[in-house]
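Residue numbers (this note's numbering), protein chains in the order written: chain A, 4 to 573; chain B, 2 to 104. A virtual CB, placed ideally from N, CA and C, is assigned to each residue, including glycine. Here is the structure we will look at, set down as structure tokens.
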Amino acid sequence: MSRAGEQTVSGRSTAALVAGLAGGLVALAAGSALAAGGDLGAVDKQPVNVSAIAMFLAFVVMTLGITYWAASRTKSTADFYTAGGGISGFQNGLAIAGDYMSAATLLGLSSLVFAKGYDGFVYTISFFVGWPIILFLLAERLRNLGHFTFADIASYRLDQNKIRSFAAIGSLTVVCFYLIVQMVGAGQLIKLLFGLDYNVAVVVVGVLMVVYVTFGGMIATTWVQIIKAVLLLGGGAMLAFLALSRFGFSLEAIAKSAVASHKDGIKIMGPGTLLADPVSAVSLSLGLLFGTAALPHIMMRFFTVPNAREARKSVFVASGFIGFFFLLVCILGMAAITIVGTDPQFFEGGKVGGKLIGGGNMPVMHLAKALGGDLFLGFLSAVAFATILAVVSGLALAGASAIAHDLYARVIRKGQATEREEMRVSKIASLVLGVLAVVLGIAFEKQNVAFLVGLTFGIAASVNFPVLILSMYWKGLTTRGALAGGLAGLVSAVTMVVLSNAVWVVVLNNPAPIFPYEHPALFSMTLAFLVTIVVSKLDRSAGAQAERGAYDDQFVRSQTGIGAAAASNH
Amino acid sequence: MSNPIYARVRQNPKFHDLVRRRSRLALTLSAIVLVSYYAFMMVVAFAPQVLRAPLGEDSALSVGFPIGAAIIVVSWLLTGVYSHFANGVFEELNDQITRESQP
């Protein structure tokens, strides 16, 4: 659990504990190795793990080879931002899965099942259900309306300068916060798994990210994500197979043995206290559902396929792999209760039931060691490192496209920039983002970054999501409404996170949070929608009339794909 | 000021048919997923004992596990249902509309 969770325990408030756990959890599962910020950070550097580093180097050599190949195919801005729209639905599905199945879903969700049993399973389900909704409501419209960035859609019929700048800045904010979280998580995790120095780890991640993105663009990023998804799925499936073989391939046997081994006994087979507060549960799930849908690096993946047909196929493929992986993760957590939870070699001082070596996120790593020895542990560590690289590359690319395509080419140069100029700016932008990520990653080493996760998802769900969905679905949306609503969402999400336990108590050391819930989405997203709708309705300007009038054409394009950006030819 | 191709599409009854049928499918499937998920979450919050009931006489597994797994598996299968129709009959209709919209 994150430090947020630990501190609330000392606060002796059950409600706060629930919120704290939830906070750490999103931290874990949402992005990457981030609960790391609290928990893994407390751990001493481990001895250098040679087999893990060797396997990771093999991954790096392979991906650099792909980047070299991708560089020769990255000639235009379309190649750079979206791989020329030439990624197939199946490939994109794997890449989306690779984006979403982070080191944290593997470590975080399995450790939650390990610690809390069924409650962990409930969380896993919550992280899944957003995907079908993305397919039913968003995927084809995203593909048909977007070109390179989410701002393309938001500003389709609204004011180019204002809405595009606002959407680009919203994207950049989300990208920067999320990059910090990822970099800090990466440093902590690598220190733990590989025995490398924190700063070295952060610099290695930053340098590789910049190399993939500046030279290989979207083509290299996509392949890094695909390879990583395959490795993670393969590693997870193999581990689950080994775990199941210990119990005669019977889930019932795993459950019986887990009940016998866990301190809470049969209670782990049903819902416990983790989600007893429905407001927190709903706010968390709304943030996850719509925050995920509005993360710039996730939306960007829908522009890499040639048409809406492939976009749909990619979500079908992605959600199949993600669902399969999540079910595996739960089996791993359950099996770890017996295999790791009763083995003294995995506890500090050999005391079963005490503190796990490496912290609360480590059950699945210990399970790998117990079932497959040091070699398998090394493999899984290398996969975890690869996972972080895949996620930060996607983020850097999303940030670079917001800077180069939206702010530079469209807003500053009013569409007059040449292809060469825009490419140069996008490469400079990814370099700057890389340097920024390394500097911030090092600056935030000792900080608890769990609140940044709440902030990232809160902003994505309250700032980016309302304008995205309303621009697609509501004719009445106007520029003024979108700006006012976006601002209301931004201010309320930031305020609520600052007043919540994660910042007000943990960072600012106040005795009790003013905002009682860990997740703002239920309130800030609702407010953003309300303000957007009311201000749009009241907007009687001529510009607003024209914007409403442009909806009908946009609607035809969003439904049929006529006039949508096509795949570029190679 | 409207693009003539888009205006032609809007006059095509097939377009309205496509929009109606595909939206109905998307909304129905979204409702199934959201209602079953939030119903599940409410049971977790207010009636957890329902999910704690053992699967069988001498079983350690509770009914909550197959129900939870079913939410994941069924909602994935629904993405298959949507893709099947949207990429099949609706896409054919869409292609017709696109062809007929050309001058």
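Short of 7 Å in beta carbon distance, which residues of its chain neighbour residue i, apart from the five on each side in sequence? Order them along the chain.
i: F382 of chain A; result: M58 and G238
i: N52 of chain A; result: L196, F197, G198, G381 and S384
i: R23 of chain B; result: A87 and F91
i: F83 of chain A; result: T77, G220, M221, M426 and S429
i: F349 of chain A; result: V343, L359, I360 and H369
i: K15 of chain B; result: L94, Q97 and I98
i: S317 of chain A; result: G92, N95, G96, I99 and V308
i: I72 of chain B; result: S37, Y38 and F41
Any idea what DSSP makes of residue i, helix, strand or coil?
i: L398 of chain A; result: helix
i: F350 of chain A; result: strand
i: S129 of chain A; result: helix
i: L161 of chain A; result: coil
i: S63 of chain B; result: strand
i: L511 of chain A; result: coil
i: L359 of chain A; result: strand
i: M186 of chain A; result: helix
i: D82 of chain A; result: helix
i: Q447 of chain A; result: Correcting the residue identity first, residue 447 of chain A is Phe in this sequence and not Gln. Three-state result, F447 of chain A: coil.
i: E521 of chain A; result: coil
i: W226 of chain A; result: helix
i: H85 of chain B; result: helix
i: N147 of chain A; result: helix
i: D42 of chain A; result: In this prediction, D42 of chain A has a pLDDT of 41, which is less than 50 and means its spatial position is unreliable; nothing more can be read from the coordinates.
i: W477 of chain A; result: coil
i: Q103 of chain B; result: coil
i: M365 of chain A; result: coil
i: M104 of chain A; result: coil
i: S260 of chain A; result: helix
i: P274 of chain A; result: coil
i: A549 of chain A; result: helix
i: T307 of chain A; result: coil
i: R423 of chain A; result: helix
i: R21 of chain B; result: helix
i: S113 of chain A; result: helix
Which residues does DSSP pair with residue i in a beta bridge?
i: P299 of chain A; result: Paired residues: none, contrary to the question.
i: P55 of chain B; result: B:S63
Please return the same chain residues whose Cβ sits closer than 6 Å to the Cβ of residue i, not counting the five positions on each side in sequence.
i: F3 of chain A; result: Residue 3 of chain A cannot be examined here, being either before or after the span of chain A that is shown, 4 to 573.
i: G173 of chain A; result: V466 and N467
i: S286 of chain A; result: Y520, H522, A524 and L525
i: G294 of chain A; result: F460, A463 and A464
i: G209 of chain A; result: G437, A440 and V441
i: L392 of chain A; result: L211
i: S60 of chain B; result: none
i: A45 of chain A; result: A caution first: A45 of chain A carries a pLDDT of 45, below 50, which makes its placement in the model unreliable, though a value can still be read off. There are no such residues.
i: Y103 of chain A; result: I325
What in chain B is Cβ-close to residue i, meaning under 7 Å?
i: A258 of chain A; result: A61 and L62
i: A284 of chain A; result: M42 and A46
i: L330 of chain A; result: A70 and I73
So, for residue i: in the same chain, excluding its five sequence neighbours on each side, which residues have a beta-carbon less than 8 Å away from its beta-carbon?
i: L175 of chain A; result: G402, A405 and I406
i: A258 of chain A; result: M272 and M337
i: N13 of chain B; result: I98, E101 and S102
i: V262 of chain A; result: G268, I269, I271 and M272
Who are the neighbours of residue i on chain B, taking C-beta pairs under 8 Å?
i: V177 of chain A; result: Within chain B, no residue comes near V177 of chain A; the closest Cβ sits about 24 Å away, beyond 8 Å.
i: I128 of chain A; result: Y38, F41, G69, I72 and I73
i: V116 of chain A; result: None at all; the shortest Cβ gap to chain B is about 11 Å.
Residues of chain C with CB closer than 7 Å to the CB of residue i, please, in chain order.
i: P49 of chain B; result: Checking the listed chains, one finds no chain C in this structure; the protein chains it contains are A and B.
Taking Cβ-Cβ distances shorter than 7 Å, what residues in chain A pair up with residue i?
i: R11 of chain B; result: D555 and V559
i: E92 of chain B; result: R312
i: R22 of chain B; result: Per Cβ cutoff of 7 Å: no residues; R22 of chain B is ~11 Å from chain A at best.
i: P25 of chain B; result: The sequence given here has Arg at residue 25 of chain B, not Pro. Under the 7 Å cutoff, chain A gives no residues; its nearest Cβ is about 11 Å from R25 of chain B.
I want to verify the contact list: residues of chain B whose CB lies under 9 Å from the CB of residue i, in sequence order.
i: I334 of chain A; result: Within chain B, no residue comes near I334 of chain A; the closest Cβ sits about 10 Å away, beyond 9 Å.
i: V262 of chain A; result: A61
i: F124 of chain A; result: G65, F66, G69 and A70
i: K316 of chain A; result: S84 and N88
So does residue i have its beta carbon nearer than 6 Å to some heavy atom of the ligand GTP?
i: T225 of chain A; result: This structure lacks the ligand GTP; in fact it carries no ligand of any kind.
For residue i, go through chain A and note every residue whose CB falls closer than 9 Å to its CB, in chain order.
i: R53 of chain B; result: Y121, I269, K270, M272, G273 and P274
When the Cβ atoms of the stretch 30–37 of chain B are set against those of the stretch 228–246 of chain A, are three or more pairs found closer than 8 Å?
no
Under 8 Å, with one C-beta from each stretch per pair, do the stretch 323–343 of chain A and the stretch 126–142 of chain A reach the 3-pair mark?
yes
For the stretch 471–480 of chain A against the stretch 529–548 of chain A, do three or more pairs of beta-carbon atoms, one drawn from each stretch, fall closer than 8 Å, so that the two count as touching?
yes
Would you check if the stretch 414–432 of chain A and the stretch 138–150 of chain A touch, i.e. whether three or more CB-CB distances between them fall below 8 Å?
no
For the pair the stretch 91–102 of chain A and the stretch 34–53 of chain B, tell me if three or more CB-CB distances fall below 8 Å.
no
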